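Peer 1: To start, I am sharing the structure in question, which I have written as structure tokens.
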Amino acid sequence: MTDTDCIFCKIVAGDIPSTKVLETERVLAFRDLYPKAPTHVLVIPKDHYANAAEVAKADPALTGEVVAAAAEVAAAEGIDGTGWRLIANTGPHSGQDVFHVHFHVVGGKPLGPMVSA
Ligand code: 5GP
Ligand code: ZN
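Residue numbering for the sequence shown follows the working numbering, beginning at 55 and increasing consecutively.
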């Protein structure tokens, strides 16, 4: 499943360059272009789903693969000991900008409050 207007589908296809950090048959992880922390990696299913709710409903096993890949990325980045945050912005109030589900793996420094007041 691909959405021809989707930038992350284009990254999966190799039509837009990215810095890959992990790839499996169904999952890709690559560095965020505008990192908000020393480690900031985006972990996505290669198939197009708009958000976390959609992929969870359509393919729970794939959702698990994405989360497992996020943990592998954290370990490979050396932040599994210090801790990290997994963020899946979903819908308008979250500020989701890209409508191909992605889990942000952020860490490498104390991250502060979970949500700004
Ligand atoms: P959202 O706000 O949807 O949760 O996060 C979208 C993320 O995608 C942002 O952190 C943004 O920096 C990142 N991003 C947007 N365009 C690109 C791109 O072309 N390449 C990469 N690697 N990251 C991108
Ligand atoms: Zn897509």
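By construction, the Cβ of each residue, glycine as well, lies at the ideal position given by its N, Cα and C atoms.
A quick note: this is a predicted structure, and the numbers were derived from the prediction, not measured.
1. Just to confirm, are Ala106 and Thr144 a CB contact at a threshold of 7 Å?
2. For the ligand ZN, I want to know if His18 counts as a neighbour, meaning its beta carbon is within less than 6 Å of at least one of the ligand's heavy atoms.
3. Are the beta-carbon atoms belonging to Val127 and Leu76 less than 7 Å from one another?
4. Does DSSP put His147 in a helix, in a strand, or in coil?
5. Please specify which runs of the beta strand (DSSP E), each continuous and at least 3 residues long, are wholly inside the region 105–153, giving them in chain order.
6. Please write down, chain order preserved, every residue whose beta carbon lies under 6 Å from a heavy atom of the ligand ZN.
7. Using only CA atoms, which one of Ala91, Lys100, Lys111 lies nearest to Gly68?
8. Using the C-alpha atoms, what's the distance from Ala125 back to Ile98?
9. For Ala83, which three-state DSSP category applies?
10. Following the continuous beta strand (DSSP E) through Lys74, name the residue where it begins and the one where it ends.
11. Considering only the beta carbon of each residue, do Gly162 and Pro89 sit closer than 7 Å?
12. Closer than 7 Å by C-beta to Leu165: which residues in its own chain qualify, once you throw out the five before and the five after it? Chain order, please.
Peer 2: A quick look at the data gives this:
1. Yes, the Cβ-Cβ distance between Ala106 and Thr144 is below 7 Å.
2. Nothing can be reported for residue 18, as the shown portion of the chain is limited to 55 through 171.
3. Cβ distance < 7 Å, so Val127 and Leu76 count as in contact.
4. Note: His147 maps to helix in three-state DSSP.
5. Entirely contained in the region 105–153, the beta strand (DSSP E) runs reaching 3 residues are, in chain order, 138–141.
6. Asp57, Cys60, Phe62, Cys63, His102, His154
7. In this structure, Lys100 is the residue among Ala91, Lys100, Lys111 with its C-alpha nearest to the C-alpha of Gly68.
8. 13 Å
9. It is a strand residue.
10. 74–77
11. no
12. Ala91, Arg139
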